[in-house]
Every structure is written in C-alpha cells, then in structure tokens.
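Student: These protein sequence lines are chains H and C, in that order.
According to the numbering used here, the first sequence is numbered sequentially starting from 1.
According to the numbering used here, the second sequence is numbered sequentially starting from 1.
We put the beta carbon where it would ideally sit given N, CA and C, even for glycine.
On a predicted model such as this, the values are computed, not experimentally measured, just so you know.
The structure is given below, and queries will be raised subsequently.
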Amino acid sequence: MKTLLVGECREGRLSDSAAELFGFANLLGAESAMVLVGASDDLPCFEGRLYFADAREYGEYNPEVHKRLVLKAVELERPDAVVFMHSSYGWDLAPRIAAAMRSAQVSSVTGIESDGFMVECCNGKMRRTVRPLTPVVVLTLQPGAFSGLHTDGVPDMLMIEADMTSPVEFVRYEPPPAGGVDLSRAAVIVGAGRGVGKKEHVELIRELAAVFGGEVGASRPVIDAGWLERSRQIGTTGQSVSPALYVACGISGAIQHLAGMKGSGFVLAVNTDPDAPIGELADLFVVADLVQFLPVLTAKLQQ
Amino acid sequence: MNILVCIKQVPDMEARFIPNADGTWFAETGLAFRMNDYDLYAVEAAVRLKEQLCGAPEVTVLSIGPDRAVEVIRKALALGCDRGVHIRDPYVTERDPWQIASMIAGYGRSRNFELIFTGMQSQDRGSAQVGVLVAEQLGIACVTTIVGFSWHNGTVTAERELEGGTRGVVRLKSPALLTCQLGLNTPRYPTLPNIMKSKKKEITSLLSDATALPGRLSSVTGFIHPERNGSGLVLQGEVSELADRVIAVLKEKTTLLSRGGKR
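See below:
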C-alpha cells in the first residue's frame, strides 16, 4: 500500500502535524511519500519521495493552486491513499482532491478498522466506520488521534509545478487579538461551556475559580455568545492549556476543545449529560446541574 | 441576484443516541430535530446581505431530508429567507457526501446562484465535505470556515478561521460558495410577525430521483456508542454530598487543597 501524505506549511514553517501523518502511514504499514508546498529551509526529514513546490513562489495557501499541485503529485505517485490532517488546510483541500479524483473521502479519521476507517460523529458522542468504495481514498486525520512518528533522513526531492491562476486571492493573515489573558501558566482553570446556560451564570464559574486562585476559561459557544472575552477560549482555535486542575463546567467536550485541555493534570467535569464526551478525559465526573452544584462546592471550599 | 442557503436538520446533540436496526446510523425514535448550528450562521449571513442590498437579492433556502426537514425550512423562512426548496428523500441518511452534493449541485446548476452559503459541517456527520463538493461540482470558487464576510459590488472578502486564532483574509469574485463557521455573526431569533409572514412563503417540494443519483463512493457500518476509555469516577446524587465527595477526591489526588483550602 502506498500513501501520499500532504504536509502543511504556513508562513515558512512546516506544521508539526507531519509527524502524525507519518505515524498513521506507519500504523497502516504503508510506504509513504509526501507532497508539500513549503519552505526549502524547513523540510520534513524522512526517507522517501518529497513532491515539492516552493511557497516563496506559490505563496500562502490558495485552494485552486494547491489542488493542482497535489493532483500533480497524485498523478506521479499513484498512491492508494492521499492523507491530510483534519485541519483548516486539510478539510478545505481534501474534498477538492477527492472530487477531482472521484474518490471517497473519509473525514477526521480516529482509527483503522478491518473494514474501513473509524470516525467520530454526533459531536463526538458516537463513532462509526466508513468504508471507501473507490480504488483510491482521500483521508483527513483527527489531530491527536494518531501518535506522531519521529522520522529521519533526507527525502528525494521532486519539484512540481502548476498554473498559478486562481479565483481566490490570499490577502493577509490577521493575528489573534493581542493583550489577552495568558492561560498557559494557570495552575487551576475553571472552564465554562454551553451548559452554563446564560451569561449571569458565568459568575458561578468566576467564584469557583477565585477560590482556587485560578483563571476562567471557556469553550467556543460561550465565547461566540459573548459571555466571555475571546482570549479566554480554550481549544484548537484558542489557547492550549495544561493546568494542574481543570474544572469543565457544562462543557460537552467537542474534540476541538479537548485538543486544547488534554494536557491538564486532574480533570473534574460537571455536566447533566453523563454521555458527554468530556467523560473521556475526566478523572472525576459529577452528574449535576452546575447552577445548583457550583455554589455549594464553592461555599464548602471557602470554609 | 440569487442567493442559495443549504441547511440540514439534525438531532439535538444532547440526546442519547441509539443505533438503528442495521447499525448504520441513529434510530430516530425519541429524538428532537432542529437546524444544524452552523447553518444558522449561513442563514444569517444570507439575510444580512439581502438587507445590505435593500432587499434586492432573492434568498432560497434548500434542505434535503424526509418530511420533517420542512420544519427547518420554515424556520429559515421565518428568519428572512424568501423561498424554500425541500428535496424529499426518506433515504437521505444512506447517501454519502458526494451524493448529497450532487443533489444540491443538480438543483443549483441551471439557476445561476451568485452566492451559496452552507454551514462548514453538520453536527451529526461532521464530514465538512458537502459544501466544498457542491462548489467543485458546480465549478465555482469556494472558501471554507469563514468567520468574517463582506460583499462589495460582486467581490467577497472573507476571513477563514485558522489554527491558533489566526485568520486568513481572502478575496474572490462571485459566483462563490462559502461555508460558515460558528461565530461568523449573531444569528437572530424569529419574531412573531416574521413567523406569520413566513407562512405565506412558498416551499417547493421536489422528490429526489434515486435513478439520477451517481453511485455512492463510501458506505457506513458500525454506528456505535464508544466505550469509555476514561477510567474516571462518576458521581451522582445530592449536591451537598457531591461537593463533599469532590473535595475529598481533590484532597487525595491533587495538592491544590493542602493548605487550608487555598493554594
């Protein structure tokens, strides 16, 4: 079996997730080549073919141009699987490659089964197995699902080229707002999730955090609702944290949030839904309504 | 100017899911259905653009699904879409993303939509494929995961959400398809007058033609409730007692409460 791994590069930096792509290929027992629109001074180290286009020439991610480049590598390599990370790059580009090849795509793969690929569904509460019915399959891998493999060596570089016209023009990057709260050093973080229910209840989260001398964090829905400032968001698109204690209040545990807090020491979850995926990471899971439970816990901790 | 919004009806994610008879998806019994969260932002983006252009664009909202899918079309009409299209397909859950995209592209192909909005993914399947596949099948430009959108004389400026909170700003000309991320805007609530008005809006009902569908590219087996790997302790009961037990566990397993309850 042959895999073509699709590496990612932003602003001249190769993404660390390349190791997960190699880890996955290794698990499949597959031979792997990589295609990368990247920087010549930050290349992946492995033994194999690297189909390469220089980002200094091709610019930052452009779907139409990258589609042509990856398809060029597919044509030369003739792989059985084209493998992306399930990232803003991967979920954008993979379906375009799959469509051009009329191939099945399996998104956010978390495991390999005898008859297909395991994926999460229903907000991470359920799993299912998707079996590709086409000779070649396009995959995107759930970040964190496969252990990274450290590879060494110098790849054989094969330069690829493509037409650079595109209907989409990259303008610029907009960095996240500066001057926010740095949650990365907090020893205790109390995280607020959708289950908090309304803005007034955020006060219960603050009070508990204060007892511990900790910080308040939040999952995406709370930020989107405007209940807390964006700099307190924990997850893929927010901060990654690793406190000694993480208290997840009304957080269901979407994979994007878990990715940001899985380095926590002890995880206490408070949720009314005993099936919430946060249970996967929780050392202690309290099935309760946080509006009733938190004030009592806070009062007892103050004593 | 014509705008298309593609929406999906999904179960409430708080529900307890039980596999159906053949183990490929959830059994529908007891589930409450509503509009996919991401699609609410797509509807809002389309309605806001209509307002920006003084009502000129006609906004069509499309959903594929069994009879119940008409409920989310009605909601979108109450939120300001002009007309609805319901592609009735009782077997929708057996279709793969390529087939779903084919149905949408089939509807859109001859109708010259200048903009198509979709959610970036559905909450139940979460493949994040259908929007992009529609654009590819129609041969139009596509930007995914947008958290910012503006329109000026046929030019779209969109902000893509990238890892670490960075945004990638892109510019493109219509026709285009945009997949919407949570937080793109603040979706409105339907008002009573708008709900009343929406009852007069037209919903075209089309029957999906299975014979015209391309073959599926993937199939699904083994829809299961994952086994908990977490070895965590689960506590239930009366809140005061729960709090005592939580404190006892924290004292035992962490050093955070070792000095008089405070660090």
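Output yes if chain H places a C-beta closer than 8 Å to the C-beta of C/Val-43; else output no.
Tutor: no
Student: Starting from C/Glu-99, trace the alpha helix (DSSP H) both ways and give me its first and last residue.
Tutor: Here residue 99 of chain C turns out to be Gln, not Glu, going by the sequence shown. First-last of the alpha helix (DSSP H) with C/Gln-99: 97 to 108.
Student: Kindly list, in the order they appear in chain H, the residues whose Cβ is closer than 7 Å to that of C/Val-239.
Tutor: Ala-288, Gln-292, Phe-293, Val-296
Student: For chain H, find out if any of its Cβ atoms is closer than 8 Å to the Cβ of C/Thr-166; answer yes or no.
Tutor: yes
Student: Quick one: is H/Trp-91 near chain C, going by C-beta distance under 8 Å?
Tutor: yes
Student: Would C/Val-5 be called buried (16 or more neighbouring beta carbons within 10 Å of its own) or exposed?
Tutor: buried
Student: With DSSP collapsed to three states, give me the class of C/Thr-144.
Tutor: strand
Student: Mapping the DSSP letters down to three states, classify H/Leu-14 as helix, strand or coil.
Tutor: strand
Student: Taking 8 Å as the CB-CB cut-off, is C/Cys-142 touching chain H?
Tutor: yes
Student: Measure from the C-beta of H/Asn-123 to each C-beta in chain C and report whether the shortest distance is under 8 Å.
Tutor: Output row for H/Asn-123: interface = yes.
Student: Is H/Glu-229 near H/Gly-180, with beta carbons less than 8 Å apart?
Tutor: Against a cut-off of 8 Å, the Cβ pair of H/Gly-180 and H/Glu-229 comes out as a contact.
Student: So, does the stretch 284 to 297 of chain H touch the stretch 88 to 105 of chain H, judging by three or more C-beta pairs under 8 Å?
Tutor: Short answer: they don't touch.
Student: So if DSSP puts H/Gly-116 in a beta bridge, which residue, or which two residues, is it bridged to?
Tutor: H/Glu-113
Student: Does the pairing of the stretch 6 to 14 of chain C with the stretch 112 to 124 of chain C give three or more beta-carbon distances under 8 Å?
Tutor: yes
Student: Taking H/Lys-2 as the reference, give the member of H/Gly-214, H/Ser-32, H/Val-171, H/Asn-26 with the closest Cα.
Tutor: Comparing Cα positions, the closest option is H/Ser-32.
Student: Rounded to the nearest angstrom, what separates C/Phe-113 and C/Pro-90 at their Cα positions?
Tutor: 26 Å
Student: So, is H/Ala-178 buried or exposed, given that buried needs 16 or more other C-beta atoms within 10 angstroms?
Tutor: By the 16-neighbour rule on beta-carbons within 10 angstroms, H/Ala-178 is exposed.
Student: Below 8 Å on the Cβ atoms is my guess for H/Phe-22 versus H/Gly-38; work out the distance and round it to an integer in Å.
Tutor: Wrong, their Cβ atoms sit about 15 Å apart, outside the cutoff.
Student: Name the DSSP bridge partner or partners of C/Val-234?
Tutor: Paired residues: H/Phe-285.
Student: With 16 as the cutoff for other CB atoms within 10 Å, does C/Val-170 come out buried or exposed?
Tutor: buried
Student: Looking at the C-beta of H/Ala-81, does it have a partner C-beta in chain C at a distance below 8 Å?
Tutor: no
Student: Quick one, which of H/Ala-276, H/Val-6, H/Tyr-173 has its alpha-carbon nearest C/Gly-168's?
Tutor: Comparing Cα positions, the closest option is H/Tyr-173.
Student: For chain B, check one thing: does any of its Cβ atoms lie closer than 8 Å to the Cβ of C/Val-132?
Tutor: No chain B is present in this structure, whose protein chains are H and C.
Student: Taking Cβ-Cβ distances shorter than 8 Å, what residues in chain H pair up with C/Gly-30?
Tutor: Simply none; closest approach about 14 Å.
Student: Just to confirm, does H/Arg-56 get its C-beta within under 7 Å of one of the non-hydrogen atoms of the ligand SAM?
Tutor: Ligands in the displayed structure: none, and consequently the ligand SAM is not present.
Student: Taking 8 Å as the CB-CB cut-off, is H/Gly-253 touching chain C?
Tutor: No, its Cβ sits nowhere closer than 8 Å to a Cβ of chain C.
Student: Using a 10 Å radius around the Cβ and a threshold of 16 neighbouring Cβ atoms, would you call C/Asp-209 buried or exposed?
Tutor: exposed
Student: Going by the beta-carbon positions, is the gap between C/Ser-102 and C/Leu-213 smaller than 8 Å?
Tutor: yes
Student: Residues of the stretch 123 to 144 of chain H with a CB closer than 7 Å to any CB of chain C: list them in chain order, please.
Tutor: Asn-123, Lys-125, Met-126, Arg-127, Arg-128, Thr-129, Val-130, Arg-131, Pro-132, Leu-133, Thr-134
Student: Put H/His-201 into one of helix, strand or coil per three-state DSSP.
Tutor: helix
Student: Would you give the residue range spanned by the alpha helix (DSSP H) that H/Arg-298 belongs to?
Tutor: This sequence places Thr at residue 298 of chain H; Arg is not what is there. Where H/Thr-298 is concerned, the enclosing alpha helix (DSSP H) stretches over 290 to 302.
Student: Against C/Arg-16, what residues of chain H qualify as contacts under a CB-to-CB distance less than 7 Å, listed in chain order?
Tutor: The answer, in chain order, is Asp-275.
Student: Can you say whether C/Tyr-38 is buried or exposed, counting buried as having 16 or more other CB atoms within 10 angstroms of its CB?
Tutor: C/Tyr-38 is buried by the Cβ-count criterion.
Student: Could you tell me which whole beta strand (DSSP E) segments of length 3 or greater appear in the stretch 13 to 56 of chain C?
Tutor: 33 to 35
Student: With a threshold of 6 Å on Cβ separation, who are the neighbours of C/Lys-130 within its own chain once the five nearest residues in sequence on each side are excluded?
Tutor: Rather than Lys, the amino acid found at residue 130 of chain C in this sequence is Val. Excluding positions up to five away in sequence, the list reads Pro-97, Ile-100, Ala-101.
Student: Between H/Glu-169 and chain C, is any beta-carbon pair separated by less than 8 Å?
Tutor: With its beta carbon less than 8 Å from one in chain C, H/Glu-169 belongs to the interface.
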